[in-house]
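Written out below as structure tokens is the structure these notes cover.
2 protein chains.
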Amino acid sequence: MSTNNLDNFKNTGDYNQSLDRGLQVIQAFSQNNKALTISDVSKITGLSRPTARRILLTLEYLGFAEASNGLFTLTARTLSLGYAYLSSNNTWSIAHPFMRDFVEKTGESCSISILDGTNIIYVARISTKRIMSINLDVGSKLPAYATSMGHVLLANLSPEELETYMNNLDFEKFTDKTIHNKQELLQTLQDVREQNWGGVDQQLEEGLRSIAVPIRNASGKVFAAMNCSAHAGRISKEVLRDEFLPLLQESVEKISQAMAATNNSQYV
Amino acid sequence: MSTNNLDNFKNTGDYNQSLDRGLQVIQAFSQNNKALTISDVSKITGLSRPTARRILLTLEYLGFAEASNGLFTLTARTLSLGYAYLSSNNTWSIAHPFMRDFVEKTGESCSISILDGTNIIYVARISTKRIMSINLDVGSKLPAYATSMGHVLLANLSPEELETYMNNLDFEKFTDKTIHNKQELLQTLQDVREQNWGGVDQQLEEGLRSIAVPIRNASGKVFAAMNCSAHAGRISKEVLRDEFLPLLQESVEKISQAMAATNNSQYV
DNA sequence: TTCAAGTTGTACGATATACGTACGCTATTT
DNA sequence: AAATAGCGTACGTATATCGTACAACTTGAA
Numbered sequence: 001m002s003t004n005n006l007d008n009f010k011n012t013g014d015y016n017q018s019l020d021r022g023l024q025v026i027q028a029f030s031q032n033n034k035a036l037t038i039s040d041v042s043k044i045t046g047l048s049r050p051t052a053r054r055i056l057l058t059l060e061y062l063g064f065a066e067a068s069n070g071l072f073t074l075t076a077r078t079l080s081l082g083y084a085y086l087s088s089n090n091t092w093s094i095a096h097p098f099m100r101d102f103v104e105k106t107g108e109s110c111s112i113s114i115l116d117g118t119n120i121i122y123v124a125r126i127s128t129k130r131i132m133s134i135n136l137d138v139g140s141k142l143p144a145y146a147t148s149m150g151h152v153l154l155a156n157l158s159p160e161e162l163e164t165y166m167n168n169l170d171f172e173k174f175t176d177k178t179i180h181n182k183q184e185l186l187q188t189l190q191d192v193r194e195q196n197w198g199g200v201d202q203q204l205e206e207g208l209r210s211i212a213v214p215i216r217n218a219s220g221k222v223f224a225a226m227n228c229s230a231h232a233g234r235i236s237k238e239v240l241r242d243e244f245l246p247l248l249q250e251s252v253e254k255i256s257q258a259m260a261a262t263n264n265s266q267y268v
Numbered sequence: 001m002s003t004n005n006l007d008n009f010k011n012t013g014d015y016n017q018s019l020d021r022g023l024q025v026i027q028a029f030s031q032n033n034k035a036l037t038i039s040d041v042s043k044i045t046g047l048s049r050p051t052a053r054r055i056l057l058t059l060e061y062l063g064f065a066e067a068s069n070g071l072f073t074l075t076a077r078t079l080s081l082g083y084a085y086l087s088s089n090n091t092w093s094i095a096h097p098f099m100r101d102f103v104e105k106t107g108e109s110c111s112i113s114i115l116d117g118t119n120i121i122y123v124a125r126i127s128t129k130r131i132m133s134i135n136l137d138v139g140s141k142l143p144a145y146a147t148s149m150g151h152v153l154l155a156n157l158s159p160e161e162l163e164t165y166m167n168n169l170d171f172e173k174f175t176d177k178t179i180h181n182k183q184e185l186l187q188t189l190q191d192v193r194e195q196n197w198g199g200v201d202q203q204l205e206e207g208l209r210s211i212a213v214p215i216r217n218a219s220g221k222v223f224a225a226m227n228c229s230a231h232a233g234r235i236s237k238e239v240l241r242d243e244f245l246p247l248l249q250e251s252v253e254k255i256s257q258a259m260a261a262t263n264n265s266q267y268v
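Structure, rendered in structure tokens:
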């Protein structure tokens with residue numbers, strides 16, 4: 001997408017190639033890539049080795065990376081980049097007390113996410129016991145089509161946006177319940193749109209089910225979703241729908257009101 | 001520090017100026033700078049306006065920023081930069097269950113931070129009720145000298161490292177109890193070193209007190225600190241020290257063992 | 001041992017990249 | 001109407017950035 005010829009921003013004088021490449025290097029580090037050599041980074045990013053080296057050394061110089069006998073790792077300072085977003089955006093801290101309230105009542109985890117391309121990104125999370133194999137935190141990304149929050153967010157896209165999403169989509173079968181074709185997904189989204197909530201049962205991971213509702217701004221546009229996720233062996237689909245869903249809806253109602261009260265023009 | 005003449009990394013061919021500048025722009029966004037114009041960013045960073053513009057447009061193109069009638073804001077995608085660190089470092093997710101356990105027992109918030117220059121950076125946090133005026137989250141920075149975790153981390157620096165820290169220090173008086181001179185700080189650190197825990201009473205903010213203990217790796221080196229913070233009107237200093245401190249020490253002991261068990265060479 | 005394949009650093013010349021100055025435009029304020 | 005402050009952009013320059021190429025080193029296999 002960013003490499004095709006139609007992409008002419010890069011040909012304007014406004015494109016900063018080095019910044020793009022530097023951010024690519026930061027993102028090369030992940031769950032599977034904890035510590036990387038210069039050559040590793042070069043391979044992952046497609047940058048030449050000297051370029052990868054220069055970027056890594058610069059990140060080290062700036063305190064965002066550390067090198068120890070040839071292996072580079074990111075430092076906690078990298079977190080402050082993400083925190084630049086959180087602290088410049090008080091929207092989610094408004095939601096926190098209501099999320100805590102929900103967690104106290106139900107004993108289960110509660111999260112808020114927004115759509116970013118084909119992924120949802122967690123922007124707020126209050127977790128109780130750990131139930132997933134991977135650790136979820138603010139900043140985590142998950143594929144939208146396999147999550148309840150993703151369904152809620154996708155269901156509220158415009159037809160054009162949904163079309164774009166569908167065209168950029170690759171299905172991966174996480175479990176045997178994972179949605180893996182467009183027809184199935186479109187049907188699910190239709191249901192979500194009608195009932196105004198979404199539920200996913202072990203489509204992302206065995207033993208994990210969740211339920212989600214949209215968060216709307218003052219003008220009614222959906223810009224985020226909030227969910228409750230629980231262990232499938234402990235919480236039935238019925239409990240999730242009949243007991244937790246009303247609480248979730250109630251919490252979101254309060255959050256919307258609190259956000260409207262702060263008059264945050266960003267989401268009007 | 002990074003602008004003086006002795007700083008010769010910048011004169012090597014390994015320094016990538018544009019990346020440095022781009023990261024500066026991201027960090028220009030903060031609590032007080034939620035939405036910035038091109039000129040704002042230019043002033044804050046000291047970059048020329050066209051340069052600031054090129055970087056902002058590149059960030060927008062890459063999806064890390066959004067522009068709406070002249071005002072730029074960061075997007076949630078920025079979080080994924082910080083998450084690149086978290087997901088490439090499983091150290092803190094090991095600590096989470098023990099932190100949750102502590103929070104359940106005490107009902108108060110629990111955090112882990114590491115030292116980054118003169119600041120502590122939060123790398124893990126389980127919060128209960130909100131007690132501070134600013135919202136703390138993973139990625140938050142606070143000045144080390146005004147926090148209990150900061151004291152614990154500073155107390156365990158080598159004399160040379162502490163010397164460097166002291167030389168780069170500017171005291172700010174947050175409350176009338178804030179430590180504001182080197183002698184006082186050094187004395188406090190001496191006490192912390194001897195008792196192996198630190199406590200801060202309303203030095204960062206009125207009505208907030210906390211207590212912290214060091215987290216050591218297998219070879220005994222302190223690389224992080226864990227604390228419990230509470231509302232001063234609700235939890236006395238004595239409760240904090242006599243009831244919560246032992247629980248905190250117990251939790252840290254378990255965390256150290258769990259980390260050692262994973263054989264994480266990064267912290268040996 | 002020797003060879004091959006992997007890593008690393010770095011020199012260097014080419015040029016694409018990024019830069020800041022300068023200018024013209026618009027909007028708001030005084 | 002003048003002044004201020006924001007904006008975009010053209011442009012020529014300079015330099016920052018690039019990739020190729022080469023040398024040194026390590027490791028493991030033959």
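If you're matching them up, the sequences are chains U and P in order.
full-length UniProt numbering numbers the first residue of the first sequence as 1 and each following residue consecutively.
full-length UniProt numbering numbers the first residue of the second sequence as 1 and each following residue consecutively.
All C-beta atoms, glycine included, are put in the ideal place defined by N, C-alpha and C.
Because the structure is a prediction, the values reported are computed rather than measured.
Taking a contact to require three or more Cβ pairs closer than 8 angstroms, the segment 149-169 of chain P and the segment 96-113 of chain U do not qualify as touching. The beta-carbon of glycine 22 (chain P) is placed less than 9 angstroms from the nearest beta-carbon of chain U.
If you draw a straight line from the Cα of isoleucine 179 (chain U) to the Cα of serine 210 (chain U), it comes to about 15 angstroms. Boundaries of the beta strand (DSSP E) harbouring tyrosine 122 (chain P): 119-126, taken from the DSSP string. Distances from the CA of isoleucine 121 (chain P) to each of P:Gly139, P:Gly22, P:Glu104, P:Leu36 were compared; the closest alpha carbon is that of P:Gly139. Distance between glutamate 205 (chain P) and asparagine 89 (chain U), taken at the CA atoms: about 22 angstroms.
Under DSSP, alanine 230 (chain P) shares a beta bridge with P:Arg209.
Bounds of the beta strand (DSSP E) holding serine 68 (chain P) are 65-68. Put simply, the CB of histidine 231 (chain P) is far from chain U, with every gap to its CB atoms at 9 angstroms or more. Residue pairing from DSSP places isoleucine 114 (chain P) in a beta bridge opposite P:Ile121. The segment 80-97 of chain P makes contact with the segment 123-139 of chain U, as at least three CB pairs between them are under 8 angstroms. The beta carbon of phenylalanine 29 (chain P) lies closer than 7 angstroms to those of Leu36, Leu74 in the same chain, with the five residues before and after it left out. Taken residue by residue, none of the segment 224-258 of chain U has a beta-carbon sitting less than 8 angstroms from a beta-carbon on chain P. A Cβ of chain P is located within less than 9 angstroms of the beta carbon of leucine 81 (chain U).
Under DSSP, proline 143 (chain P) shares a beta bridge with P:Asn119. Within chain P, the residues whose beta carbon sits less than 9 angstroms from that of phenylalanine 9 (chain U) are Leu57, Thr58, Tyr61, listed in sequence order.
Judged by DSSP in its simplified three-state form, aspartate 14 (chain P) adopts coil rather than helix or strand.
For leucine 248 (chain U), the secondary structure class from DSSP, reduced to helix, strand or coil, is helix. In this structure, DSSP gives isoleucine 134 (chain P) a state outside helix and strand, which the three-state scheme calls coil. Contact of aspartate 40 (chain U) with chain P is not assigned, every C-beta pair being separated by 9 angstroms or more.
Where leucine 62 (chain P) is concerned, the enclosing alpha helix (DSSP H) starts and stops at 49-62. Rounded to the nearest whole angstrom, the CA to CA distance from glutamate 172 (chain P) to alanine 232 (chain U) is 51 angstroms.
Between valine 152 (chain P) and chain U, the shortest Cβ-Cβ separation is not below 9 angstroms. Pairing arginine 125 (chain P) with tyrosine 83 (chain P), the inter-Cα distance amounts to about 14 angstroms.
A Cβ of chain P is located within less than 9 angstroms of the beta carbon of phenylalanine 64 (chain U). Distance from the CA of lysine 221 (chain P) to the CA of leucine 185 (chain P), rounded to the nearest whole angstrom, comes to 22 angstroms. Using a Cβ distance threshold of 9 angstroms, glutamine 31 (chain U) and serine 87 (chain P) count as a contacting pair. When the beta-carbon positions are compared, serine 148 (chain U) and asparagine 227 (chain U) come within less than 9 angstroms of each other.
The alpha-carbon of lysine 10 (chain P) is positioned some 50 angstroms away from that of serine 219 (chain U). Residues are counted here when their Cβ sits less than 8 angstroms from a Cβ of chain U; for the segment 79-113 of chain P these are Leu79, Ser80, Leu81, Gly82, Tyr83, Ala84, Tyr85, Leu86, Ser87, Ser88, Asn89, Asn90, Ser93, His96, Pro97, Arg100, given in chain order. Under the three-state reduction of DSSP output, threonine 188 (chain P) falls in the helix class.
Chain U places no beta carbon closer than 9 angstroms to that of threonine 262 (chain P), leaving this residue out of the contacts. Counting along the chain, the unbroken beta strand (DSSP E) around phenylalanine 72 (chain P) starts and ends at 71-74. When C-beta distances to chain P are compared with 7 angstroms, every residue of the segment 188-221 of chain U stays at or above that value. In the three-state scheme derived from DSSP, where H, G and I count as helix and E and B as strand, asparagine 167 (chain P) is classed as helix. Its Cα nearest to that of asparagine 119 (chain P), the residue P:Asp170 stands out among P:Asp170, P:Thr106, P:Leu71.
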